[in-house]
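> One structure coming up, written as structure tokens, with questions to follow.
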Amino acid sequence: MSRFIKKKKEDIGLSPYALVFRGQKKTDKTVLRAMDFDLEDVTEQELKSTDDLIGRKKSKKLTWLNIDGLDNAELMENLARVFKIEQNILSDVMNPAARPKVQEFDNGIFITIKMLHFDEKNDSLSADNLSLIITDNTLISFQEQSGLVFEPIRERIRKHKNKIRTSGADYLAFALLDVVVDNYIYINGILGDKIEALENDMTGNLKKELLESINSYKSEMNFMRKHIKPAKEMILNLGKMESEFIHDENRIHFRELQDNINEASELSDSYREILYDQLNVYHSSMSTKLNEIMSILTIFSVIFIPLTFIVGVYGTNFENLPEVHWRHGYLFMWVIMILTTLVMLWFFRRKKWF
Amino acid sequence: MSRFIKKKKEDIGLSPYALVFRGQKKTDKTVLRAMDFDLEDVTEQELKSTDDLIGRKKSKKLTWLNIDGLDNAELMENLARVFKIEQNILSDVMNPAARPKVQEFDNGIFITIKMLHFDEKNDSLSADNLSLIITDNTLISFQEQSGLVFEPIRERIRKHKNKIRTSGADYLAFALLDVVVDNYIYINGILGDKIEALENDMTGNLKKELLESINSYKSEMNFMRKHIKPAKEMILNLGKMESEFIHDENRIHFRELQDNINEASELSDSYREILYDQLNVYHSSMSTKLNEIMSILTIFSVIFIPLTFIVGVYGTNFENLPEVHWRHGYLFMWVIMILTTLVMLWFFRRKKWF
Amino acid sequence: MSRFIKKKKEDIGLSPYALVFRGQKKTDKTVLRAMDFDLEDVTEQELKSTDDLIGRKKSKKLTWLNIDGLDNAELMENLARVFKIEQNILSDVMNPAARPKVQEFDNGIFITIKMLHFDEKNDSLSADNLSLIITDNTLISFQEQSGLVFEPIRERIRKHKNKIRTSGADYLAFALLDVVVDNYIYINGILGDKIEALENDMTGNLKKELLESINSYKSEMNFMRKHIKPAKEMILNLGKMESEFIHDENRIHFRELQDNINEASELSDSYREILYDQLNVYHSSMSTKLNEIMSILTIFSVIFIPLTFIVGVYGTNFENLPEVHWRHGYLFMWVIMILTTLVMLWFFRRKKWF
Amino acid sequence: MSRFIKKKKEDIGLSPYALVFRGQKKTDKTVLRAMDFDLEDVTEQELKSTDDLIGRKKSKKLTWLNIDGLDNAELMENLARVFKIEQNILSDVMNPAARPKVQEFDNGIFITIKMLHFDEKNDSLSADNLSLIITDNTLISFQEQSGLVFEPIRERIRKHKNKIRTSGADYLAFALLDVVVDNYIYINGILGDKIEALENDMTGNLKKELLESINSYKSEMNFMRKHIKPAKEMILNLGKMESEFIHDENRIHFRELQDNINEASELSDSYREILYDQLNVYHSSMSTKLNEIMSILTIFSVIFIPLTFIVGVYGTNFENLPEVHWRHGYLFMWVIMILTTLVMLWFFRRKKWF
Amino acid sequence: MSRFIKKKKEDIGLSPYALVFRGQKKTDKTVLRAMDFDLEDVTEQELKSTDDLIGRKKSKKLTWLNIDGLDNAELMENLARVFKIEQNILSDVMNPAARPKVQEFDNGIFITIKMLHFDEKNDSLSADNLSLIITDNTLISFQEQSGLVFEPIRERIRKHKNKIRTSGADYLAFALLDVVVDNYIYINGILGDKIEALENDMTGNLKKELLESINSYKSEMNFMRKHIKPAKEMILNLGKMESEFIHDENRIHFRELQDNINEASELSDSYREILYDQLNVYHSSMSTKLNEIMSILTIFSVIFIPLTFIVGVYGTNFENLPEVHWRHGYLFMWVIMILTTLVMLWFFRRKKWF
Ligand SMILES: [Mg+2]
Ligand SMILES: [Mg+2]
Ligand SMILES: [Mg+2]
Ligand SMILES: [Mg+2]
Ligand SMILES: [Mg+2]
Ligand SMILES: [Mg+2]
Ligand SMILES: [Mg+2]
Ligand SMILES: [Mg+2]
Ligand SMILES: [Mg+2]
Ligand SMILES: [Mg+2]
Ligand SMILES: [Mg+2]
Ligand SMILES: [Mg+2]
Ligand SMILES: [Mg+2]
Ligand SMILES: [Mg+2]
Ligand SMILES: [Mg+2]
Ligand SMILES: [Mg+2]
Ligand SMILES: [Mg+2]
Ligand SMILES: [Mg+2]
Ligand SMILES: [Mg+2]
Ligand SMILES: [Mg+2]
Ligand SMILES: [Mg+2]
Ligand SMILES: [Mg+2]
Ligand SMILES: [Mg+2]
Ligand SMILES: [Mg+2]
Ligand SMILES: [Mg+2]
Ligand SMILES: [Mg+2]
Ligand SMILES: [Mg+2]
Ligand SMILES: [Mg+2]
Ligand SMILES: [Mg+2]
Ligand SMILES: [Mg+2]
Ligand SMILES: [Mg+2]
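Protein chains in written order, with the numbering used here: chain A, 1 to 354; chain B, 1001 to 1354; chain C, 2001 to 2354; chain D, 3001 to 3354; chain E, 4001 to 4354.
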């Protein structure tokens, strides 16, 4: 299955306002979870119907609304109405192929980025879309499918009466993005361990599997780099954004994000270079081996070809072939052959072939 | 036939004001179609004579004038007069080799871009020019030949009483450009599917056709990238343009276009990298195969060359060749040959050649 | 002969004000031609002596003074005096190795660029310097040698009573530069046709001449790109220049020039890529062919080497070699040899070598 | 052991304020050394307990507090309290994987960079983190482990009553960074000597060890470049920083740092290119050698194959084989064979194979 | 001997104010030459003692003080005192490894650049440092060793009563830098001639020396490019510098310098590309030759291997081998062999191997 989301023919010319799901369904049922908290209290709740959304807007607590599954158009319309989000924003939310970007709108900030997952079994990466909407007192997060990626953040909210409960939706968004970027670094590390482990297989007899591994990791690394690059650009824009929805005292955290995404980017650059080096070493070894094979073939051939010719000469049936009648003819032939061999060996020694 | 439009010798030194067709005719007859609409009504009409242009200027409805065929100099002159378009703009319209660009003039905005078509039969891309002129209450679009590319937009106008009917010529231009860029992404996807399908042919016996496919897709991908790059640049300029002909509330849609062209550009980068990887894998496999062939040849030669020499020795006709007269001479020869073979095999085993 | 102009040892440390010719003479005699025109009249005249320059300055008509040959120091001094041009400008005019650039001075604008010529016979490019000086009511153009490149412009002036007669020296300069850049595109097209024609030679038996052609076009394309790059930069600077010698209504034409030089630059990029692709295809084909040759050699060797060994065994002269005395010994040998051959063939089939 | 610090799974989602050590311990015990000085006096002291920190803040002398070991969370908390350093700064100090950067905070400037060490024994580089905090009258430096790198600076402070004692914490930070960057240049030189020494091994018989050396130095050079690049960026930012903690008269020294880091960067570029050149030379030599081997094999084979065929013909046992009964049959065979050989030799000479 | 200046271990941590020579001595004795001139008079003088410096400052003539040899710390201190030059400037003068740069200080401008020398004997480049200090009415130039590079400038001052005598220290600095850059272009030309001469050796039998030449010129070209790049950057900064020590009317000359350094840079780019092309052509030729060798070997082997097998069959000693007793057995064998050969030849013809 392709890891790239292809545009469907019928989506060409679609209005940017149409609330249509433009991806591949990865989940059966849309799940809404709300978490409301201030310094004192934390309540968690799974929303059954989209009617539960109404009234939420007025709560003075900070609300984190997490939605797993992007294909529920009715829900999107309700969100648009309740939280006064423009349709073209929610249309982007419903398009998992959307490039990482940040965009301001009248009532908030819209952020989209890719979350990477590493499948240990197949040594392969996959990407899920994450969209965040920062609006008054509320952060809405949209994921393509349910997962435990943000559980550490939920734990921090539940257990610690500190900054994360009181710094607003923008800080919460930062915390989620930080998890995403930390994951980039973490996955780089996992792939990196596997890449560095290949070094040991580079000595001795080279196996075809080694080449396949190098090429496969190269392709995974490219997949990762392709997603890190626009994310880096997005986080840079986020850091420079002048918006009422980002508190000045939280601005420093977005610089932290920049450092982290830069670290992820540089790590992937480093591993890519190591892979290129390994490929070069592999090919050099192969060509050294070919040279060695050809040398041995040539040494053998060049030594034995004249010898075989000589015995051929004395295998001819000429009636008056003098040497075969000599008393020491056979010995004579061996002397000639040994001399020939010595000359050849001296020649190869001079050529430094062995 | 070349896919690049070549400059004709006689066009060198031509005035930039001359209304001369500078391309290759792709259509027999110029076709004019007008679509007039406001929130309430939609009327469509094929214009027979260029006289029908007159009077259109004053209609309060929004007019979309679509022209297929660029070689009608008389029509261009009428357009220039009726809509007060500068000649150097229309001269660019008549040059299908013109680079994608956006240019403001006194009475409007001129946009030119390439539409890509994928010919499934030959697996090859071609490019047609599209020019748009946004002027008061009117959008004029020029295509090299007739086609159904914009039919979805016509349908949206006919069926939906919404934004597209009321947001002006700039929004309509955006909708057309969006179709063009969506097509880039769509074609990337088609090519991408074919490229990813090549992976399956990379295992086992490599066929020459595989290499030809890779090289052919590489060349199509380059053709596409060559057209996407200046289009990206143009759309960036369009997004930054300060003009009375672009409504502030439509500005956001041009940012959407930027995201889409970026997505197209990144997709084509990704597929290009995959093609380069496939080429590398192909060449590595070829060189591995050569190594294997040479190993087998060498093993065979090196084992049999000494054996053939030995039987040659005992095929000589020396009168006093002692071994041939021995009772177990023949056996003796076989023992020598088997020992020689075992030494060779041990040697190859140590070299790890099999 | 080298296509690069080398600095002479004695020119090192020369004052930038010295009016010394710093190139290779390409013409025997300096030729001055003047063309004076306004909307009504056109007069053409070949100037015999540099005295004819005097008085010209006061004419109200627009004057185009074209000079073929750069080595006349006396003429240069007269020009400096009559038209009040700084010596360091004219010193640059006399240096055909000067980089494409645009430079403002007190009484005008100085522009220098390379004109490319394609020699069909040798399939090779050469470059000539063109310098333009825009000053009050006068355009002075300097060419290394006489040619017909600007004849279409002269024709436009002679035949058409329009813009080109009335828009000033800057518009005339634009028209000349436009010819130069159109020539870049035209030559790109000629080379491009030849490059695309190579594709047909890429199938079947590869000739050495094909490789030589690819390498030769690659080198010509590089030569062209080397001159287009700084010209592009110069035209960009020209477009941004704030000068009283460029009329605001002509500014748009210099943007046209930018589009054209960009088209030339992108075309040469495309052809370069095609050449690189052809080289890769050539090398791949060569290596495929080597693989095929080695396979055939190996198949033959590996089949016959054991057979030749077997017949060698029965060619030995051992007295008690049992098989030669058998009744069906000869048949027996053939059975062994045929079995051996079948095993080999099965082996190669499994290896998928044929 | 990997030279890259990997993110631990449990650190994902950690608050940026948490004072948790995020690296690998390289030291057993945290060591604090204080150096207080003004123009007149210098006192040095090893701090036993973190209580000793209190009161230091008020001293009018300049204090250089050096801390070896980053894993003492309690110490970090005390530093935060005493010197009013934000927790997110100290959290970065405790993360040795942090990218080189400079960051202003309310009470000072935070700088982090990598120190490189060259292990002569294994010809390999390693990197340690260095963090600097410039605050009122105090410079705090944090190292991953103890070392003598900064001893020359201590000596300058002890011995010379000059600028270094009186120019403030920012000048002291400059001096330390200068040592780090000088070390980059010094290590470049060491590696460079080894790389240039490889040239001598490039002539004559190429050893596998040579290739391994080139590849190993290439990888070390990449490791260095990976750390120099972000350090260069950081020093550029430091030079442009507007801060009350950097005295205007010291600003010039940071320009000096830029020159030095640029020199380091360019040196590593140069050596990298030399390594690539060496690789190319190595591969060219290998392929030249293969050509030579194949030529010799072919010359031998092509000369002897027909000769061996001829003697084979006269070794057949046909009853009525005429030549074997000729009087000069044997001589006749030798004449044929010598003629054949001469033709072959002439053929190879024409092919210019020897 | 290495062409790169390595940092000495003891220089790490050295103060930027220390007047210590940080290079390799290239001259025995420091030589000071003063040239004083105005429009009317020129006097030249070799200064014996550094005391002669005193009083010079007040002269109204323009003074050019040239110093060969950088290791005289006492002289540097005197210069610092007399001309009020900051120590960190003179410390840079004493470091020949300093990167090309321009730096303003209170009493003047400091410029440093590399002078390149081409050693015709060894076809190798070397670099010497040149430092210039522009201060009131005085230009001080520092060279690593004595040479005749600036003799043409001295001649211009002695012989011509013009601009160079009256335009100040900045114009004189420009003249010296112009000589340095002209030298870059001149050396490019010399190397370029040698590179272009290699083309002739590319046809026919390729010698190993050719490859060595290409690689050696490539390395020299890289050495040159490494020094031109930062010089280009420096001259760009010089052109943009706002300083009282650069007269507005001289500013135009620094633009001339920019053009020249750009020309040098582009020339070296061109020659580098030509060298890369030559390398590719060399390798292609080698691989074509290998293909040819292998074809000939294979044709010979494949034709003779079956023939040799056939004669081997009839060389066996089977008692009842029917063919040897046939009347036309020998003829029969030849017919079989000729048919076999014809089949082989037809096969190769079809494969287009000859
Ligand atoms: Mg993307
Ligand atoms: Mg994307
Ligand atoms: Mg890939
Ligand atoms: Mg990092
Ligand atoms: Mg990093
Ligand atoms: Mg590398
Ligand atoms: Mg390689
Ligand atoms: Mg274009
Ligand atoms: Mg292509
Ligand atoms: Mg194009
Ligand atoms: Mg995308
Ligand atoms: Mg992408
Ligand atoms: Mg790749
Ligand atoms: Mg390859
Ligand atoms: Mg140039
Ligand atoms: Mg070239
Ligand atoms: Mg184009
Ligand atoms: Mg390509
Ligand atoms: Mg880093
Ligand atoms: Mg590496
Ligand atoms: Mg790094
Ligand atoms: Mg440098
Ligand atoms: Mg350097
Ligand atoms: Mg190189
Ligand atoms: Mg330098
Ligand atoms: Mg080099
Ligand atoms: Mg350098
Ligand atoms: Mg140039
Ligand atoms: Mg040049
Ligand atoms: Mg070139
Ligand atoms: Mg190659």
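Yeah, the Cβ is synthetic: ideal placement off N, Cα and C, and Gly gets one too. Just so it is clear, the structure is predicted and the values come from calculations on it, not from any experiment.
Give the residues of chain A in contact with D/Y3314, contact being defined as C-beta atoms less than 7 Å apart.
Neighbours of D/Y3314 on chain A, chain order: T316, N317 and F318.
> Quick one: Cα of D/F3347 to Cα of D/T3340, how far?
Approximately 11 Å between the Cα atoms of the pair.
> Of all Cβ atoms in chain C, is any one closer than 8 Å to the Cβ of B/R1033?
Taking Cβ atoms only, chain C never reaches closer than 8 Å to B/R1033, which makes this a no.
> One question on the structure: do E/L4090 and E/F4021 come within less than 8 Å of each other, judged by their Cβ atoms?
Contact flag unset, no.
> Going by the beta-carbon positions, is the gap between E/S4301 and C/F2300 smaller than 8 Å?
Yes; because the gap between Cβ atoms is below 8 Å, this pair is in contact.
> Using DSSP bridges, identify the partner residues of A/E46.
Partner(s): A/R33.
> Taking only beta carbons into account, state which residues of the stretch 1249 to 1274 of chain B come closer than 9 Å to chain C, listed in chain order.
Answer in chain order: no residues at all.
> Cβ of D/G3168 within 8 Å of Cβ of D/H3247?
A contact, by the Cβ cut-off of 8 Å.
> At which residues does the beta strand (DSSP E) containing D/I3134 begin and terminate?
Here the beta strand (DSSP E) through D/I3134 covers S3124 to T3135.
> Would you list the one or two residues that DSSP bridges to E/L4065?
In DSSP, E/L4065 forms a bridge with E/A4034 and E/I4140.
> If we count the other Cβ atoms within 10 Å of its Cβ and call it buried at 16 or more, is E/K4025 buried or exposed?
Classification of E/K4025: exposed, given that the 10 Å Cβ count is below 16.
> Can you tell which of B/I1274, B/T1112 and B/E1199 has the C-alpha that lies nearest to the C-alpha of B/A1127?
Closest option to B/A1127, Cα to Cα, is B/T1112.
> Output, in chain order, the set of chain E residues within a Cβ distance shorter than 9 Å of D/M3224.
None at all; the shortest Cβ gap to chain E is about 14 Å.
> Could you pull the start and end residues of the beta strand (DSSP E) that B/M1115 belongs to?
Unbroken beta strand (DSSP E) run through B/M1115: G1108 to D1119.
> Judging by CA-CA distance, which residue of E/E4209, E/T4050 and E/T4166 is the nearest neighbour of E/L4075?
Cα-wise, what sits closest to E/L4075 is E/T4050.
> Can you have a look at B/E1263 and say buried or exposed, based on whether 16 or more other CB atoms are within 10 angstroms of its CB?
Result: buried.
> Under a CB-based cut-off of 8 Å, is D/I3113 close to chain F?
Although the question refers to chain F, the structure presented lacks it and instead comprises the protein chains A, B, C, D and E.
> Where does B/T1308 land, buried or exposed, given buried means 16+ other C-beta within 10 angstroms?
It is buried - the Cβ of B/T1308 has at least 16 other Cβ atoms within 10 Å.
> Could you tell me which chain B residues have their CB closer than 7 Å to the CB of C/N2291, listed as they occur along the chain?
Ordered by position in chain B, the residues that pass the 7 Å Cβ test against C/N2291 are M1286, K1289 and L1290.
> Which of helix, strand or coil does DSSP assign to E/V4179?
E/V4179 falls in the helix class under three-state DSSP.
> Is C/V2335 buried or exposed, if buried means 16 or more other CB atoms sit within 10 Å of its CB?
By the 10 Å Cβ count, C/V2335 comes out exposed.
> Run through the DSSP bridge pairs and tell me what D/Q3103 is partnered with.
Its beta-bridge partners are D/F3110.
> Which residue wins for smallest C-alpha separation from C/L2139, given the options C/V2180, C/N2107, C/G2013 and C/Y2276?
The shortest Cα separation from C/L2139 among C/V2180, C/N2107, C/G2013 and C/Y2276 belongs to C/N2107.
> Roughly how many whole angstroms lie between the Cα atoms of A/N95 and B/P1230?
Between A/N95 and B/P1230, the C-alpha separation is close to 26 Å.
> Rounded to whole angstroms, what is the Cα-Cα separation between A/I67 and A/N88?
If I take the Cα positions, the gap works out to 18 Å.
> In chain D, which residues lie less than 8 Å from A/L321 when you measure between Cβ atoms?
The answer, in chain order, is Y3330.
> Determine whether the Cβ of B/Y1186 lies closer than 8 Å to any Cβ atom of chain A.
Yes, contact with chain A.
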